[in-house]
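Peer 1:
In the numbering used here, the protein residues as written are 2 to 213.
If you want it as structure tokens, here you go:
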């Protein structure tokens, strides 16, 4: 992967962060061995941030848009209460099958429900108030995902949007995807109904709290 900061600094941060459980370390190894585009996996810095936020926030109803091989879902589930539930949207059948083998082995796997199909269509079928959303899927639809999830989120709920630095391309946007991410960052920053903190973790995480 490309590093936005000095690679040695990134590695120092990695080494200085509490490791993920052994099952998740195995998931990383198997993803690297057996799946295409393994760099899509969130990794320790993002995963432990998600777990930390979930542990502090204790969400009961969680939406994940873009699951891949399940690393981020298990990270969030680890921090959730035992009766919490994550709805994961994913379009890759092989990734779903792969992830389920790890969900079945995890003490937190019972919290996770995977729905196959386009996330924008799945979201329309959900009748629930959200406490926490993690968005990490088709970047062209980020504005649509965010707006719909925000609408469904209770006051005080959190939304975490990944890859919001987009390898630094948001600084000099050249493509449609670059423009979408720039527009979303601007929309979040200008919205009086939310507060946010933009974390320069890995490829950028925009953490949003709905005020009203």
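Every residue gets a Cβ at the ideal spot worked out from N, C-alpha and C, and that includes glycine.
1) Once you ignore the five residues that flank residue 211 on each side, which residues in its own chain have a CB closer than 6 Å to its CB?
2) The alpha helix (DSSP H) spanning residue 153 covers which residue range?
3) Return the CA-CA distance between residue 200 and residue 193, expressed in angstroms with no decimal places.
4) Going by DSSP, name the residue or residues bridged to residue 10.
5) State whether the stretch 106-125 contacts the stretch 45-52, with contact taken as three or more CB pairs (one from each stretch) at a distance under 8 Å.
6) What do you get for residue 60, buried or exposed, if any count of 16 or more other CB atoms within 10 angstroms of its CB means buried?
7) State whether the stretch 121-136 contacts the stretch 94-105, with contact taken as three or more CB pairs (one from each stretch) at a distance under 8 Å.
8) For residue 1, which of helix, strand or coil comes out of DSSP?
9) Looking at the unbroken alpha helix (DSSP H) that takes in residue 199, where does it start and where does it end?
Peer 2: Reading it off the structure:
1) For the purposes of this step, residue 211 is taken as residue 210 along the chain shown, with counting starting at 1. Correct list, in chain order: 154, 156, 158 and 195.
2) The sequence position of residue 153 within the chain shown is 152, counting from 1. Note, residue 153: alpha helix (DSSP H), 143-153.
3) Against the chain shown, residue 200 aligns to sequence position 199. Against the chain shown, residue 193 aligns to sequence position 192. Cα to Cα, the separation comes out at about 19 Å.
4) Start at 1 with the first residue of the chain shown, and residue 10 comes out as number 9. For residue 10, which the question treats as bridged, DSSP gives no partner whatsoever.
5) no
6) Numbered from 1 along the chain shown, position 59 holds the residue referred to as residue 60. Burial call: buried.
7) no
8) The first residue shown for the chain is 2 and the last is 213, placing residue 1 beyond what the model contains.
9) Within the chain shown, numbered from 1, the residue matching residue 199 stands at position 198. Segment 195-200 is the beta strand (DSSP E) holding residue 199; no alpha helix (DSSP H) there.
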